[in-house]
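A.B. asks: Quick note on this note's numbering: the sequence shown kicks off at 231 and runs consecutively. C-beta atoms are modelled at their ideal positions from N, C-alpha and C, and glycine is treated no differently. Quick caveat: nothing in here was measured; it's all calculated off a predicted structure.
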Amino acid sequence: MADCLLLLPLLLLLLLLLLLQLLLFLPLLLLLFPLHPLLLLSLPLLPPLLPLLRLPPLRQPLQRRPQFLYLLFMTALKELFLLNYLMFFLHLFQK
Numbered sequence: 231m232a233d234c235l236l237l238l239p240l241l242l243l244l245l246l247l248l249l250l251q252l253l254l255f256l257p258l259l260l261l262l263f264p265l266h267p268l269l270l271l272s273l274p275l276l277p278p279l280l281p282l283l284r285l286p287p288l289r290q291p292l293q294r295r296p297q298f299l300y301l302l303f304m305t306a307l308k309e310l311f312l313l314n315y316l317m318f319f320l321h322l323f324q325k
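Here it is as structure tokens:
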């Protein structure tokens, strides 16, 4: 029960970060979509980085707290990359 109470603020923080991500980065990505050369230059950089974004499994209970912040950061980063790809392909299909 105590572990659940410790995770509740972190889950709320994750939800807040996801909302902030949508509010800040989605309009920015929408503004960048007319700039096709810039997007096409940035796309080759993303696939080499994607293997680095694989999330490692949690190994021991003592490592969970430091690793949780790492997982939180890496998940947000992975979502940004996936959102970038999704928005790019949606823009291609609109034409």
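1) Taking the alpha-carbon positions, what's the leucine 242 to leucine 249 distance?
2) Is alanine 306 near leucine 247, with beta carbons less than 8 Å apart?
3) Got a sec? Which residues, its chain only, sit under 6 Å from leucine 310 by beta carbon, not counting five neighbours each side?
4) Have a look at histidine 321 and leucine 313 and give me their C-alpha separation to the nearest angstrom.
C.D. replies: Taking the definition as stated:
1) Straight-line Cα distance between these residues: approximately 11 Å.
2) The beta carbons of alanine 306 and leucine 247 sit closer together than 8 Å.
3) There are no such residues.
4) Cα-Cα distance, rounded: 12 Å.
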